[in-house]
Structures are given as C-alpha cells and as structure tokens.
Amino acid sequence: MATRKQPSQGATPDAAAAQPRRPRVLVAASGSVAAIKFEILCRSLAEWADVRAVATASSLHFIDRESFPSGVAFLTDADEWSAWGRIGDEVLHIELRKWADAMLIAPLSANTLAKIAGGQCDNLLTCVVRAWDYSKPIYVAPAMNTFMWDNPFTRRHLDAVAGLGVSLIPPVTKRLACGDYGNGAMAEPTEICRTLTLFFGSQEPL
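So this is what it looks like as structure tokens:
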C-alpha cells in the first residue's frame, strides 16, 4: 500500500515532491439501513488513505455526520454548487472525479444501482459516476432486501454496470433490517476495506 514518507533532512524540494502520496478514495453512501456502518468504513479507510465522503439525501437518515473523523470531508447534494458562481469555478462532481484514485459506493441501494445502470445523474453521487474516468476503479457493495436482490432487474443492472468496469463486493446472507434472514446484506466494513487494500497494494506508488 502506498504511504506518504517524510522527506529526510536536507532533502531538496524536488526530492520531497517525488515521495509517494497516500491513495485518494471517494466513498459514497446511498439510502440503505447499512449506511449506519458508513462512518466506521470511512474511519477505517482513513487510516491509510485520504478519504472524501459523499452521502445521498436518503442515506442521511442513517448517518451520524457529527461522529465523522475531522479529516474526512463530508459532502451532500447541498454542496454540489456551493462553490460555483461563474464560468471557471470548480464544479464539485468534476473535481471529485479528478481527485479520486478510486471510488467506493457502500452501501449501494437498489435505487442507486438502477440509476447508475440507466445513466441517470440526479444527485452528487450519480453525477460523479456519470463523469467517472473508468480507467480508475469503482467498487460497489450492494445492500438490499433478499426479494430485491433476487429481482431480475437487479441482475440486469449489475450486468450493465459491470460492462463499465464496476467491481462488485458481493452481499452476504444474514438477518436483514426487516427481520428476515437472507442474502442481500452489505459485506462487513472489514471485508470492504480489505478489497481496497489489496487493490492499492498491487499498484505502483502514487
């Protein structure tokens, strides 16, 4: 995994600039009860990466943004145009696309999966995905009820996003929010973090 090294005493500015930097991971949450684990996930990734977090409006019901680590920028739809006033100013979803080395959507709801598969871009999260450079990885960790996971539309939508190069972190079987037991629960944060760690560990230093 690439980590930032401190320049040694007497190092020239050019030498310091050549030191590897930390990976940059954009982490997004969509509307699912599994978003209660979003803060834990971001905190774990922030131990070795620079993290920015994006939350959809429906995910905010499950997220305590006050508990987020101070070093993780927490962004919502309300921030999309807050810095833009005239031509040439930053557009947030474009800046996030440029900034990130990888994107992770966890949890990925059935609704947001359908939006991405159809090319919709009606919030900050889906605008980033629509603008994404698909030479860089996107990982998704779905979270939905078993009946929704088994719906034929879900397979079609997963096939569509796989065609873009999106990588699936499969859901797991456990007791779900409704009390039923079945497949569709988001993978545990430890497994999701391990997937990202393995990817960056296989790359050249950034």
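Numbering (UniProt numbering), first residue to last: 1 to 206.
C-beta atoms are modelled at their ideal positions from N, C-alpha and C, and glycine is treated no differently.
The structure displayed is predicted, hence computed values, not measured ones.
Item                                                                                                                            : Value
Nonlocal neighbours in the same chain, by C-beta distance under 7 angstroms from Pro137, ignoring five residues either side     : Ala102, Ser167 and Phe199
Met148 versus Ala35, Leu108, Glu90 and Cys42, residue with shortest Cα-Cα distance                                              : Leu108
Element boundaries [beta strand (DSSP E), containing Ile138]                                                                    : Ile138 to Pro142
Helix, strand or coil at Asn111 according to DSSP, with G and I counted as helix                                                : helix
Short Cβ contact (8 angstroms threshold) for Ala106 with Ala141                                                                 : yes
6 angstroms CB neighbourhood of Cys121 in its chain, flanking five on each side removed                                         : Cys127 and Arg130
Other residues of its chain near Trp99: CB distance less than 8 angstroms, five sequence neighbours each side excluded          : Arg24, Leu26 and Arg52
Complete runs of the beta strand (DSSP E) confined to the stretch 59-101 [at least 3 residues]                                  : 73-75
Sub-8 angstroms separation of Asn111 and Ser59 beta-carbons                                                                     : no
CB contact flag (Arg86, Asp50, <8 angstroms)                                                                                    : no
Under the three-state DSSP convention, the category Ile105 falls into                                                           : strand
Span separating the alpha-carbon of Gln203 from that of Tyr139                                                                  : 16 angstroms
Bridge partners - Thr173, DSSP secondary structure assignment                                                                   : Asn183
Beta-ladder partner(s) of Ala28, from DSSP                                                                                      : Val54 and Ile105
Neighbourhood of Leu113 by C-beta distance below 6 angstroms, restricted to the same chain and skipping five residues each side : His157
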